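Asker: Take a look at the following structure, please.
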Amino acid sequence: MVTEQALQDAILRHSIQILRLSAGEQAEVEKVLVELERELRQLLASTDLTAAGKRQLEALIVEAGKAIDTGYLRAAAATDTHTLAIIVAEKTQEMIQDVLPAVVRLPTPATLLQLGKDVLIDGAPSSAWWAKQGEDLTFRFAAQVRQGVVNGETQERIVARITGRWGEPGIMDVSRRNARALVHSSVMTAANRARLETFKKNSRLIKGVRWLATLDGHTCARCAALDGQAWNLDGEKLPGTKVLFQAPPIHWGDRCILSPIPKTFADIGLNIPEPADEGQRASSLGPVSGKTTFNDYFGRLSPAQQDQQFGPTRAQMFRDGKITVRDLVSGTGRELTLDQLRV
């Protein structure tokens, strides 16, 4: 019904703003890591690595570790997920209020604080991920410096191992990429959790949630298969759903969201006719029907596009009618292997 579609459209529009926010947060972290790279360059320049003894090298590595620790503390602080959770909850409240003429409640301040404080990503708090990334960089820095010295490389070549040169990436390039992924996952986790808690707070208006994947060529098989799956607010499967409940993001770089499924007007005590317009949904092919699933969308792509997205074997099985996109994952949401798909 259009009520759900109106909510879905609003949530999707806001999710684009969240992605833009993520890009801005990533840019701030990038500045921190650029400054850290400058500090590491200065440290490396302060020692003649080609003539340094073991004690000098170890002292250099210790100082580099301190700089890295400080830099990653600053990087972690650059993403304010607590404020983000509050904003997302308030915007979600407004979006529901615009569609359903009823009072919409916010999660308690304590709940929002917990949601945005040290968000849990892939089983570990974001602070632990930042610390791990810092530790990894310290380890790689020490390894690259020692290896360069052992190999008898020039000062310039050893520095290039850290910072890169002439199109050849250094370890700082990897660190920046990992940091961007962590910022994105932190932002998406806080936003999705804030929305879900707002839905739960308004269970008299919202009966469940529906998984929405992005309809484009960058969506993975797991997310594509989850598209359209729906659960009630207790995480129980709604009719037609085969996969156990899980909340996005389910992997690094995940762009999926949970959209609310409203109760009918009659269920919430409103004597208003139920609308029936299905609305539209955005995709890389342009606007499509609001009822379009990823399976429908995937079927409209060219064979070459299908092969590129999920691999030629899976894509051919889809074209032959042996599987649907939803068959690409198991009941727990884990991507299936080709052998499992053939069973």
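Be aware that the sequence shown starts at 1003, since it is given in this note's numbering, and climbs by one per residue.
Glycine is no exception: its CB is placed at the ideal position from the N, C-alpha and C atoms.
Model, not experiment: these values are computed from the prediction.
1. First and last residue of the beta strand (DSSP E) that includes S1048?
2. Exposed or buried, I1018, counting other C-beta atoms within 10 Å across all chains shown (16 or more means buried)?
3. Can you give me the start and stop residues for the beta strand (DSSP E) that N1234 sits inside?
4. Mapping the DSSP letters down to three states, classify L1343 as helix, strand or coil.
5. Consult DSSP for R1167 and reduce its assignment to one of helix, strand or coil.
6. Taking the C-alpha atoms as reference points, what is the distance between L1139 and I1263?
7. Identify, in the order they occur along the chain, each residue of the same chain with its Cβ nearer than 8 Å to the Cβ of L1207, setting aside the five sequence neighbours on each side.
8. Could you please give the first and the last residue of the uninterrupted alpha helix (DSSP H) stretch that includes K1117?
9. So L1184 is in the beta strand (DSSP E); what residue range does that whole segment cover?
10. So within the segment 1293-1326, which uninterrupted alpha helix (DSSP H) runs reach at least 4 residues, ignoring any that extend past its ends?
11. Quick check on L1245: buried or exposed, where buried means 16 or more other Cβ atoms within 10 Å of its Cβ?
12. So A1196 and A1087 are in contact, right, with Cβ under 8 Å, and what is the actual spacing, rounded?
13. State the Cα-Cα distance for the pair L1214 and R1182, rounded to the nearest angstrom.
14. Along the chain, where does the alpha helix (DSSP H) that runs through V1121 open and close?
15. Using DSSP bridges, identify the partner residues of I1208.
16. Suppose you measure from the CA of Q1149 to the CA of V1121; what does that come to, to the nearest Å?
17. Quick one: give me the first and last residue of the alpha helix (DSSP H) that W1254 is part of.
18. Are there any heavy atoms of the ligand ADP lying less than 6 Å away from the beta-carbon of I1208, as far as the coordinates show?
19. Roughly how many angstroms separate the alpha carbons of A1078 and W1132, rounded to a whole number?
20. Which partner residues does P1127 have in the DSSP bridge list?
21. Rounded to a whole number of angstroms, what is the C-alpha to C-alpha distance between L1042 and I1160?
22. Count the CB pairs spanning the segment 1026-1042 and the segment 1064-1083 that are closer than 8 Å, and state whether there are at least three.
23. Using a Cβ-Cβ cut-off of 6 Å (strictly less than) and excluding sequence neighbours within five positions of W1168, which residues of its own chain qualify?
24. By the three-class DSSP mapping on this structure, what secondary structure does K1033 have?
25. Could you give the DSSP three-state label for K1239: helix, strand or coil?
26. Relative to the alpha-carbon of W1254, which residue among K1202, I1123, I1164 has its alpha-carbon at the smallest distance?
27. Which residues in the same chain have their Cβ closer than 7 Å to the Cβ of W1233, if we skip the five residues on either side of it in sequence?
28. Please name the residue, chosen from D1050, K1093, G1136, that lies closest to E1380 on a Cα-to-Cα basis.
Answerer: With the structure as the only source:
1. Here residue 1048 corresponds to residue number 46 of the sequence shown, with the count starting at 1. No beta strand (DSSP E) contains S1048, which DSSP labels as neither H nor E.
2. Here residue 1018 corresponds to residue number 16 of the sequence shown, with the count starting at 1. It is exposed - the Cβ of I1018 has fewer than 16 other Cβ atoms within 10 Å.
3. Working through the sequence shown from its first residue, we reach residue 1234 at position 232. Here the beta strand (DSSP E) through N1234 covers 1232-1234.
4. For this step, residue 1343 is matched to residue 341 along the sequence shown. Only weak support exists for where L1343 lies, its pLDDT of 47 falling under 50; the value from the coordinates is given anyway. Helix.
5. As a first step, residue 1167 is located in the sequence shown; it is residue number 165 there, counting from the start. The answer is strand: DSSP assigns R1167 an E or B state.
6. Within the sequence shown, numbered from 1, the residue matching residue 1139 stands at position 137. Within the sequence shown, numbered from 1, the residue matching residue 1263 stands at position 261. Each residue's alpha carbon lies about 44 Å from the other.
7. In the sequence shown, counting from the first residue as 1, residue 1207 sits at position 205. Counting only Cβ-Cβ distances below 8 Å, and skipping sequence neighbours, we find I1098, L1102, A1104, V1106, P1264, K1265, I1270.
8. Taking the sequence shown and counting its residues from 1, the one referred to as residue 1117 is at position 115. The sequence shown places Leu at residue 1117, not Lys. Run containing L1117: 1111-1118, per the alpha helix (DSSP H) assignment.
9. Locating residue 1184 in the sequence shown gives position 182, counting from the first residue. Here L1184 belongs to no beta strand (DSSP E); instead the alpha helix (DSSP H) covers 1173-1203.
10. 1296-1301, 1305-1312, 1314-1321
11. Reading the sequence shown from its first residue, position 243 is the one you call residue 1245. What sits at residue 1245 in the sequence shown is Val, not Leu. Answer is buried; the Cβ neighbour count reaches 16.
12. Reading the sequence shown from its first residue, position 194 is the one you call residue 1196. Reading the sequence shown from its first residue, position 85 is the one you call residue 1087. Indeed they touch by this definition, with Cβ atoms about 4 Å apart.
13. Here residue 1214 corresponds to residue number 212 of the sequence shown, with the count starting at 1. Here residue 1182 corresponds to residue number 180 of the sequence shown, with the count starting at 1. Cα-Cα distance, rounded: 23 Å.
14. Within the sequence shown, the letter at position 119 stands for residue 1121. No alpha helix (DSSP H) holds V1121; DSSP gives it neither H nor E.
15. The residue given as residue 1208 occupies position 206 in the sequence shown. For I1208, which the question treats as bridged, DSSP gives the partners P1264.
16. Position 147 of the sequence shown holds residue 1149. Position 119 of the sequence shown holds residue 1121. About 37 Å.
17. To locate residue 1254, count along the sequence shown from 1; it is residue 252. Note, W1254: premise wrong, no alpha helix (DSSP H); not H, not E.
18. Among the ligands in the structure shown, none appear at all, so the ligand ADP cannot be discussed.
19. Within the sequence shown, residue 1078 is the residue found at index 76, counting from 1. Within the sequence shown, residue 1132 is the residue found at index 130, counting from 1. Between A1078 and W1132, the C-alpha separation is close to 6 Å.
20. As a position in the sequence shown, residue 1127 is number 125, starting the count at 1. In the DSSP output, where bridge partners are listed per residue, P1127 has L1122.
21. Along the sequence shown, read from residue 1 onward, the residue named residue 1042 stands at position 40. Along the sequence shown, read from residue 1 onward, the residue named residue 1160 stands at position 158. Going by the C-alpha atoms only, they are around 12 Å apart.
22. yes
23. As a first step, residue 1168 is located in the sequence shown; it is residue number 166 there, counting from the start. Correct list: empty, nothing qualifies.
24. Locating residue 1033 in the sequence shown gives position 31, counting from the first residue. Of the three classes helix, strand and coil, the one that applies to K1033 here is helix, per DSSP.
25. Residue 1239 sits at position 237 when you count from the first residue of the sequence shown. Strand, per DSSP.
26. Taking the first residue of the sequence shown as 1, we reach residue 1254 at position 252. W1254 has its Cα closest to that of I1123, out of K1202, I1123, I1164.
27. Along the sequence shown, read from residue 1 onward, the residue named residue 1233 stands at position 231. These residues qualify, in order along the chain: G1210, V1211, K1239, L1240, T1243, F1247.
28. Here the chain comprises residues numbered 1003 to 1345, so residue 1380 is not present and cannot be evaluated.
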